[in-house]
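A.B. asks: Residue numbers (the numbering used here), protein chains in the order written: chain H, 17 to 232; chain Y, 17 to 232; chain U, 17 to 232; chain L, 17 to 232.
Using N, Cα and C, we set each Cβ at its ideal position, and we do this for glycine too.
Bear in mind that the values here come from a model prediction, so they are computed numbers and not experimental data.
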DNA sequence: GATGAATGAGGATTCATTCAT
DNA sequence: AATGAATGAATCCTCATTCAT
């Protein structure tokens with residue numbers, strides 16, 4: 017999907033090559049930015065990985081900064097879409113709460129670099145992301161908050177703990193992806209493999225069940 | 017040497033001026049490294065924050081790299097100590113499990129930049145940290161694993177989920193600190209303030225109770 | 017070829033589109049070169065002003081350098097023609113001396129960027145212009161010199177002052193055009209407008225009259 | 017004077033070396049900027065001429081731009097001083113009119129690159145100079161205007177010709193310096209040599225005498 | 001211990017130019 | 001004739017580091 021639809025139909029190949037190159041640049045940049053952060057990534061690295069010379073990058077992006085913005089946008093865009101759909105879905109959101117986690121996991125499976133990308137921003141105060149994320153994350157927190165409050169586990173958590181619970185879920189979901197490269201280095205296991213992700217999804221489902229379940 | 021053993025002598029005796037300077041450099045560097053990562057932090061930034069000129073830094077540290085190592089060492093050292101104590105403590109570790117979280121939280125309260133520092137390493141595969149952390153984190157995982165297995169909640173979790181559970185706890189503990197600067201930007205609330213940390217500790221205690229509790 | 021001999025054919029027949037484009041490029045380049053000099057002008061600027069993309073310029077000119085040469089040639093050509101005519105005209109050149117100024121002013125009115133263009137060359141030692149100008153300017157100086165010597169004001173000026181007088185006239189004529197953009201910025205008045213040029217021409221006539229007049 | 021007072025007295029050599037270097041950079045930059053303009057001058061050229069590496073320039077100036085500004089300021093400063101003195105001198109300015117020319121010539125003899133420097137700015141509309149020169153040149157024109165109007169030659173020139181006359185004098189004075197490198201290329205003679213300058217000053221004095229003299 | 005000055009290495013960016021389409 | 005894409009060379013500038021003072 018990143019590399020353009022490539023809908024393969026023969027005729028009218030309009031500017032295809034350029035867009036493919038642009039997508040390849042985005043792919044390379046995404047990996048590097050998510051791994052090394054903005055400052056730690058050089059255009060030389062990006063160009064090398066794509067198999068281009070540095071100035072060629074400028075045929076597709078105006079600057080390192082705008083390349084970074086494009087990477088971020090491409091990654092966040094779909095998530096934003098899914099989440100905003102979810103936001104508006106229905107009032108009985110609690111019932112879907114388990115499904116949300118799965119949908120997000122499915123999404124991140126497609127773009128496993130995204131959490132690391134976002135985390136880099138997060139670590140530095142998110143100067144770049146804040147405007148973008150404020151409108152994205154804020155309603156989610158609000159929604160989640162209200163969801164928990166209305167759910168069966170409401171009485172289990174003090175009101176002031178609910179944000180912490182939401183944050184905790186966020187950390188567990190996102191953390192799984194962010195720790196992956198390090199975990200691989202440490203244990204040899206790749207947490208992002210299909211199988212590992214399935215396991216984690218199951219785990220998350222259970223976690224939700226336990227934490228949001230009614231206390232008997 | 018940079019970490020300044022605080023050579024105890026007369027307690028009122030002011031440390032050598034040089035050691036004070038070194039500590040101030042470490043402080044500044046810690047903040048910057050944890051916020052911007054290694055590549056994103058320049059010696060100019062560090063020097064400016066300390067109120068020195070760049071070459072003066074070299075009177076206290078051999079290189080940017082060794083400054084970074086010193087920051088890491090100073091931060092991680094105490095944690096390592098506490099944890100290794102804990103590792104060797106006794107076999108009835110489960111009983112202490114709740115206390116561990118609190119001790120770690122108390123530790124991180126002293127050095128709230130540490131998680132972000134470590135996370136930066138983590139994100140990039142931890143080339144720098146791996147050797148250091150392998151010996152630190154690995155036993156913890158092992159220990160935790162065995163702890164959970166021996167605990168009352170063992171039957172609740174499938175065997176293959178236990179590492180995920182441990183990781184999850186790690187993410188929740190660490191994530192709280194790493195998201196702090198961003199959360200402040202977003203909501204204005206400082207998650208690292210004494211009060212917020214106390215609340216989070218309470219929350220964690222409950223979390224542990226729920227997740228590790230015996231299922232009735 | 018760039019200067020487009022205007023291959024005469026049917027006078028009404030529109031020049032080839034290519035030639036029109038070439039002329040538009042020359043126009044844009046002339047303005048930019050005269051304002052910013054060779055180094056300060058980029059092909060991007062030129063292309064933008066013409067409404068083309070950079071590579072298209074190469075359909076009309078071999079290189080930035082040859083474009084510059086073409087601009088220079090197109091500008092200087094006519095002046096050279098007029099002057100060489102004048103050079104050969106007659107021996108009684110003095111009588112025409114007033115007329116020369118007017119003819120030159122008329123010429124420069126058509127191509128007011130030319131003096132700035134030449135001046136840029138002049139400032140840098142004229143590496144590019146010297147060969148072209150040596151054969152152009154030198155005879156003029158010679159001629160002017162001889163003209164003044166033979167004229168009625170000869171006794172007023174010491175022999176060694178005559179070159180300075182000629183140079184002075186040159187500076188006044190050329191300077192009027194070169195200072196124009198700055199003068200406009202400063203005072204709002206455009207020295208190159210028809211009216212202002214007419215005034216300057218009258219002023220020059222008077223100047224010539226005074227400086228070359230017989231002293232009684 | 018550019019290279020610092022160097023008042024040679026032995027003691028207290030405070031930061032002498034750095035200022036000397038800075039002055040040498042200014043010297044080199046002045047020559048190059050005046051010859052090739054801002055865009056045509058590279059820091060590599062400057063550094064080479066000074067015998068430094070490029071980054072060293074940044075120990076003395078913040079940027080190419082600020083180096084340029086410093087060159088301009090150093091050059092224009094003294095002229096500004098002299099002229100502002102002159103501006104306020106006395107009401108009987110006409111009597112001094114001849115002397116002004118000589119004083120300006122003396123000044124430019126010290127800093128013969130200045131006119132070319134200024135001319136470069138002038139050619140491009142003087143974006144950089146305008147603010148600086150507006151306050152410098154404008155009063156001069158005003159003053160000169162009033163001077164001529166009050167002088168004995170007033171009736172010779174139409175009122176609207178007076179600014180042209182002032183401009184003409186400006187062009188002759190400045191032009192002599194700006195044409196010098198080209199003239200040397202052309203004729204081998206150096207117009208900036210002491211002797212040549214003396215001759216030009218005499219010529220200017222005569223010119224003033226003629227143009228501002230009473231018509232009999 | 002602190003710093004001004006110098007510098008090799010490298011980083012982002014621009015520019016003129018080429019080539020295939 | 002026009003242009004998207006690619007690129008070698010160069011430009012300004014920053015950075016970590018060294019050294020003499």
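1) Any chance the stretch 111-130 of chain L sits against the stretch 180-198 of chain L, with 3 or more Cβ pairs inside 8 Å?
2) Could you check whether the Cβ of residue 204 of chain H sits closer than 8 Å to any Cβ belonging to chain Y?
3) List, in chain order, every chain H residue whose beta-carbon is nearer than 8 Å to that of residue 197 of chain Y.
4) Shorter than 8 Å from the beta carbon of residue 53 of chain L to some beta carbon of chain U?
5) Keeping to the same chain, check which residues put their C-beta closer than 7 Å to that of residue 86 of chain L; ignore five residues upstream and five downstream.
6) Give the residues of chain L in contact with residue 132 of chain U, contact being defined as C-beta atoms less than 8 Å apart.
7) Is the shortest distance between the beta-carbon of residue 217 of chain H and the beta-carbons of chain Y less than 8 Å?
8) Where does the unbroken alpha helix (DSSP H) through residue 72 of chain H begin, and where does it stop?
9) By a C-beta neighbour count over all protein chains shown, 10 Å radius and 16 as the cutoff for buried, is residue 204 of chain U buried or exposed?
10) Can you give me the Cβ contacts of residue 179 of chain Y inside the same chain, cut-off strictly under 8 Å, excluding the 5 residues immediately before and after it?
11) Any Cβ of chain Y within less than 8 Å of the Cβ of residue 87 of chain H?
12) Give me the Cα-Cα distance between residue 226 of chain L and residue 226 of chain U, rounded to the nearest whole angstrom.
13) How many Å lie between residue 20 of chain U and residue 73 of chain U at the Cα?
14) Out of U:56, U:141, U:131 and U:63, which one is the CA nearest neighbour of residue 95 of chain U?
15) With burial defined as no fewer than 16 other Cβ atoms inside 10 Å of the residue's Cβ, what is the status of residue 67 of chain U: buried or exposed?
16) What separation, rounded to the nearest whole angstrom, lies between the Cα atoms of residue 213 of chain L and residue 183 of chain U?
17) Can you pull the chain U neighbours of residue 56 of chain L, defined as C-beta to C-beta under 8 Å?
18) Counting contacts by CB-CB distance shorter than 8 Å, is residue 209 of chain L in contact with chain U?
19) Mind pulling the chain H residues with CB within less than 8 Å of residue 153 of chain Y?
20) Going by alpha carbons, who is nearest to residue 80 of chain L out of L:154, L:61 and L:125?
21) From the beta carbon of residue 150 of chain L, is the nearest beta carbon of chain U less than 8 Å away?
22) Can you look up residue 65 of chain H in the DSSP assignment and give me helix, strand or coil?
23) Determine, using beta carbons only, whether residue 171 of chain Y comes closer than 8 Å to chain H.
24) Taking 8 Å as the threshold (beta carbon to beta carbon), is residue 165 of chain L in contact with chain U?
25) Quick one: list the residues of chain Y neighbouring residue 116 of chain H, beta-carbon separation under 8 Å, in chain order.
26) Between the Cα of residue 219 of chain U and those of U:200, U:185, U:82 and U:206, spot the shortest distance and give me the residue it belongs to.
27) Out of U:46, U:51, U:36 and U:39, which has the shortest C-alpha to C-alpha gap to residue 143 of chain L?
28) Please name the residue in L:133, L:168, L:102 and L:115 whose C-alpha comes closest to that of residue 159 of chain L.
29) Residues of chain Y with CB closer than 7 Å to the CB of residue 83 of chain H, please, in chain order.
30) Cβ closer than 7 Å: which chain L residues qualify as neighbours of residue 91 of chain U?
31) Under the three-state reduction of DSSP, which class applies to residue 79 of chain U: helix, strand or coil?
32) Alpha carbon to alpha carbon, how far is residue 129 of chain Y from residue 208 of chain Y? Give it in angstroms, no decimals.
33) For the ligand SAM, is there a heavy atom less than 7 Å away from the beta-carbon of residue 190 of chain Y?
34) Taking Cβ positions only, does residue 184 of chain H come closer than 8 Å to chain Y?
35) Would you kindly check if the distance between the Cβ of residue 59 of chain L and the Cβ of residue 70 of chain L is under 8 Å?
C.D. replies: Let me spell this out:
1) yes
2) Taking the first chain and counting its residues from 1, the one referred to as residue 204 of chain H is at position 188. By this cut-off, residue 204 of chain H is not an interface position.
3) One-based indexing of the second chain puts residue 197 of chain Y at position 181. Residue 197 of chain Y reaches chain H at 138, 139, 140, 141 and 142, counting residues in chain order whose Cβ is nearer than 8 Å.
4) For the purposes of this step, residue 53 of chain L is taken as residue 37 along the fourth chain, with counting starting at 1. Closer than 8 Å: yes.
5) In the fourth chain, residue 86 of chain L corresponds to position 70, counting from 1. Result list for residue 86 of chain L: 42 and 77, in chain order.
6) Taking the first residue of the third chain as position 1, residue 132 of chain U is located at position 116. Residues of chain L passing the Cβ test: 139.
7) Numbered from its first residue, the first chain carries residue 217 of chain H at position 201. So no, residue 217 of chain H is outside the interface.
8) As a working mapping, residue 72 of chain H is identified with position 56 in the first chain. For residue 72 of chain H, the uninterrupted alpha helix (DSSP H) segment begins and ends at 70-73.
9) Here residue 204 of chain U is taken as the residue at index 188 of the third chain, counted from 1. By the 10 Å Cβ count, residue 204 of chain U comes out exposed.
10) Stepping through the second chain from its first residue, residue 179 of chain Y is reached at position 163. If we look at residue 179 of chain Y and ignore the five residues flanking it on each side, its Cβ neighbours are 157 and 161.
11) Position 71 of the first chain holds residue 87 of chain H. Chain Y contact via Cβ: absent.
12) Within the fourth chain, numbered from 1, the residue matching residue 226 of chain L stands at position 210. Within the third chain, numbered from 1, the residue matching residue 226 of chain U stands at position 210. Roughly 8 Å between the two C-alpha positions.
13) By 1-based counting over the third chain, the position of residue 20 of chain U is 4. By 1-based counting over the third chain, the position of residue 73 of chain U is 57. Caution is warranted here: a pLDDT of 39 is assigned to residue 20 of chain U, below 50, making its placement in the model unreliable, and the coordinate value is therefore given only provisionally. Rounded to whole angstroms, residue 20 of chain U to residue 73 of chain U spans 15 Å at the Cα level.
14) Position 79 of the third chain holds residue 95 of chain U. For the residues U:56, U:141, U:131 and U:63, the minimum Cα distance to residue 95 of chain U belongs to U:131.
15) Within the third chain, residue 67 of chain U is the residue found at index 51, counting from 1. By the neighbour-count rule (16 or more Cβ atoms within 10 Å), residue 67 of chain U is not buried but exposed.
16) By 1-based counting over the fourth chain, the position of residue 213 of chain L is 197. By 1-based counting over the third chain, the position of residue 183 of chain U is 167. Between residue 213 of chain L and residue 183 of chain U, the C-alpha separation is close to 14 Å.
17) Position 40 of the fourth chain, counted from the start, is the residue given in the question as residue 56 of chain L. Per Cβ cutoff of 8 Å: 53, 54, 55, 56 and 140.
18) Along the fourth chain, one-based indexing puts residue 209 of chain L at 193. Judged by the 8 Å Cβ criterion, residue 209 of chain L is not in contact with chain U.
19) The sequence position of residue 153 of chain Y within the second chain is 137, counting from 1. Chain H residues near residue 153 of chain Y: 202.
20) Here the question's residue 80 of chain L lines up with position 64 in the fourth chain. Nearest of L:154, L:61 and L:125 to residue 80 of chain L, Cα basis: L:61.
21) As a position in the fourth chain, residue 150 of chain L is number 134, starting the count at 1. True, the Cβ-Cβ gap to chain U drops below 8 Å.
22) For the purposes of this step, residue 65 of chain H is taken as the residue at position 49 of the first chain. Residue 65 of chain H: helix per DSSP, three-state reduction.
23) Along the second chain, read from residue 1 onward, the residue named residue 171 of chain Y stands at position 155. Judged by the 8 Å Cβ criterion, residue 171 of chain Y is not in contact with chain H.
24) As a position in the fourth chain, residue 165 of chain L is number 149, starting the count at 1. No - not a single Cβ of chain U is within 8 Å of the one on residue 165 of chain L.
25) On the first chain, residue 116 of chain H is found 100 positions in, with the first residue counted as 1. Neighbours of residue 116 of chain H on chain Y: none; closest Cβ ~17 Å, over 8 Å.
26) The residue you call residue 219 of chain U lines up with position 203 of the third chain. Nearest C-alpha to residue 219 of chain U: U:185.
27) Against the fourth chain, residue 143 of chain L aligns to sequence position 127. Of U:46, U:51, U:36 and U:39, the residue nearest in Cα terms is U:51.
28) In the fourth chain, residue 159 of chain L corresponds to position 143, counting from 1. The residue with the shortest Cα to Cα distance from residue 159 of chain L is L:102.
29) Along the first chain, read from residue 1 onward, the residue named residue 83 of chain H stands at position 67. By Cβ distance, chain Y contributes nothing, its closest Cβ being about 17 Å from residue 83 of chain H, past 7 Å.
30) Mapped onto the third chain, residue 91 of chain U falls at position 75. None at all; the shortest Cβ gap to chain L is about 15 Å.
31) Taking the first residue of the third chain as position 1, residue 79 of chain U is located at position 63. Note: residue 79 of chain U maps to coil in three-state DSSP.
32) Here residue 208 of chain Y is taken as the residue at index 192 of the second chain, counted from 1. Here residue 129 of chain Y is taken as the residue at index 113 of the second chain, counted from 1. Straight-line Cα distance between these residues: approximately 10 Å.
33) Among the components of this structure there are no ligands whatsoever, and the ligand SAM is therefore not found.
34) Here residue 184 of chain H refers to the residue found at position 168 of the first chain. Yes, residue 184 of chain H lies at the interface with chain Y (some Cβ there is under 8 Å from its Cβ).
35) As a first step, residue 70 of chain L is located in the fourth chain; it is residue number 54 there, counting from the start. As a first step, residue 59 of chain L is located in the fourth chain; it is residue number 43 there, counting from the start. Yes, they are a contact pair.
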